[in-house]
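For the record, in the sequence shown the residue sitting at position 72 is 72 according to UniProt numbering, with numbers rising by one throughout. Here the structure comes first, spelled out in structure tokens, and everything after it is commentary.
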Amino acid sequence: MVLPNTIDSPTISIIMNCFNCSKYLKEAIDSVYAQTYEDWEIIFWDNVSTDNSAEIANSYDNKLRYFCGNKNVPLGYARNLAIEKIQGKYIAFLDCDDMWLPTKLEKQMAIFESTSNVKLVFSDCNIVDSQHNIINRSFAVQTPARGNVFEKLLMSYNFIPLVTAMIEKDVLDDVGCFDNTYRIAEEYDMFLRIAYKYPIDFVDEPLAEYRVHDSNCSHRQDIGIKEELMIMDHWKNTATHIEKKISIQLKKKILKRKAALYVYYIVSKLKLPKRFSKYY
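Here's what the structure looks like:
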């Protein structure tokens, strides 16, 4: 067990953003207090909840620092506000309906302490339902890339689960935090900016649990595709060092995503039955 540093600021700052998530909140916070690595603080940002989330959060000791916004804002913006309050050298993220396994912080810190050039560490993740049953794993089939992963990340999808990510704070000072332009793809955008400049490593076991339930399963697919296209257009013009074959593949990916967007609009306009629209 790694005990907290009683002299300096905590090593790890954990960002928890909450909006009316009292149903799962205690379980999420308790999973932090159960960590074998104890040198941390929680920055709890209440995005103007109207349930009893504040009461639950404030029932913990002073390792949880509670803040409440003046108004409800998009999630990426709320995370940026919380990041402004941190004291730690490293940042981790835990949404209020997810959980960590007890050795998450310890195993990720071991990588940071043994590898000076790695600036982001993530891990496998269990995907669970509202009753805590394991549905799947993020990397049940294939282990993700590690090291210089920028091109893999750009050409595939956002394979880094935010709930598992730990990032050195200085990196965000360099590349920036969440871009408030985005509402769905803000994590993907930030991870690409990090991967473009820094190596990334991976713990090949589940260290977190991402909970799937009705409240977090709905967003407009067209917005996600549009934001992904914005990101790819940016890197098509910015990442001039990428190999020619990757550049060609990226252009093909952009065309495919544009086609998917058109299909989405057609399906939405025709209002096809769910058995058809689910494929788009």
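Here a beta-carbon is modelled for each residue, glycine too, at the ideal position from N, C-alpha and C.
So which of the options has the shortest CA-CA distance to residue i?
i, options, result
"Asp124", "Tyr24, Ile160, Leu81", "Ile160"
"Ile86", "Leu25, Asp173, Ile111", "Asp173"
"Lys104", "Phe202, Thr181, Asp214, Asn133", "Phe202"
"Met99", "Glu168, Gln131, Met230, Ile200", "Gln131"
"Tyr60", "Leu94, Lys71, Ile29, Tyr262", "Ile29"
"Asn20", "Glu227, Lys258, Asn72, Val32", "Asn72"
"His213", "Ala260, Lys63, Asp129", "Asp129"
"Leu64", "Leu94, Leu75, Ala259, Lys236", "Leu94"
"Arg211", "Lys226, Arg257, Ile111, Ser138", "Ser138"
"Thr143", "Leu75, Glu205, Ser114, Asn180", "Glu205"
"Asn117", "Leu229, Asn133, Ile194", "Ile194"
Taking the alpha helix (DSSP H) that residue i falls in, what are its first and last residues?
i, result
"Glu228", "221-238"
"Glu55", "53-57"
"Val32", "22-33"
"Val73", "Here Val73 belongs to no alpha helix (DSSP H), and DSSP marks it neither H nor E."
"Glu151", "150-155"
Looking only at its own chain, which residues have a Cβ that is under 6 Å from the Cβ of residue i, when we skip the five neighbours before and after it?
i, result
"Ile83", "Cys177"
"Tyr196", "Phe150"
"Leu25", "Ser53, Ile56, Cys96"
What are the boundary residues of the beta strand (DSSP E) that includes residue i?
i, result
"residue 281", "Given that the chain is displayed from residue 1 to residue 280, the structure contains no residue 281 and the question cannot be resolved."
"Ser13", "12-18"
"Tyr196", "No beta strand (DSSP E) holds Tyr196; the alpha helix (DSSP H) holding it covers 186-197."
"Glu41", "40-46"
To the nearest angstrom, report how far apart residue i and residue j are at their CA atoms.
i, j, result
"Leu192", "His234", "11 Å"
"Leu207", "Thr238", "34 Å"
"Asn47", "Cys18", "6 Å"
"Ile12", "Gln35", "12 Å"
"Val171", "Ile231", "20 Å"
"Glu106", "Ser247", "39 Å"
"Leu272", "Asn158", "For Leu272, the predicted model reports a pLDDT of 46, less than 50, meaning its position is unreliable; a value from the coordinates is still stated below. When rounded, the distance between both Cα atoms is 29 Å."
"Met16", "Val163", "10 Å"
"residue 294", "Asn148", "For the chain, the structure presents residues 1 to 280; residue 294 sits outside this window and is missing."
"Tyr262", "Glu187", "24 Å"
"Lys226", "Ile111", "36 Å"
"Tyr279", "Ser31", "Note that Tyr279 has pLDDT 35, beneath the 50 cutoff, so the model's placement of it is unreliable and the number below is only indicative. The straight-line gap from Cα to Cα measures roughly 36 Å."
"Thr240", "Gly76", "28 Å"
"Pro74", "Asn180", "8 Å"
"Ala260", "Asn58", "45 Å"
"Lys169", "Arg257", "33 Å"
"Ile266", "Ser114", "52 Å"
"Arg27", "Tyr33", "Per the sequence presented here, residue 27 reads as Glu, with Arg not at that position. Cα-Cα distance, rounded: 10 Å."
"Met109", "Tyr66", "25 Å"
"Val175", "Asn62", "31 Å"
Looking at residue j and residue i, is the spacing between their C-beta atoms short of 9 Å?
i, j, result
"Lys253", "Met190", "no"
"Ile135", "Ile14", "no"
"Leu101", "Met166", "no"
"Ile127", "Glu41", "no"
"Tyr182", "Asp222", "no"
"Leu153", "Ala145", "yes"
"Phe122", "Ile43", "no"
"Lys236", "Leu250", "yes"
Under 8 Å Cβ to Cβ from residue i, same chain only, skipping five residues before and after it: list those, please.
i, result
"Gly69", "Trp45, Asp46, Asn47, Val48, Ala78, Leu81"
"Leu229", "Ile254, Arg257, Lys258, Leu261"
Who are the near neighbours of residue i in its chain, counting only those whose CB is closer than 7 Å to its CB and skipping five residues on each side?
i, result
"Gly224", "Ile184, Ala185"
"Asp22", "The sequence given here places Ser at residue 22; Asp does not occur at that position. Same-chain partners within the cutoff: Asp51, Asn52, Ser53, Ile56."
"Ser9", "Gln87, Gly88"
Verify the contact flag: residue i, CB atom, against every heavy atom of the ligand NAD, threshold strictly below 8 Å.
i, result
"Lys169", "The model on display carries no ligand, and the ligand NAD is accordingly not part of it."
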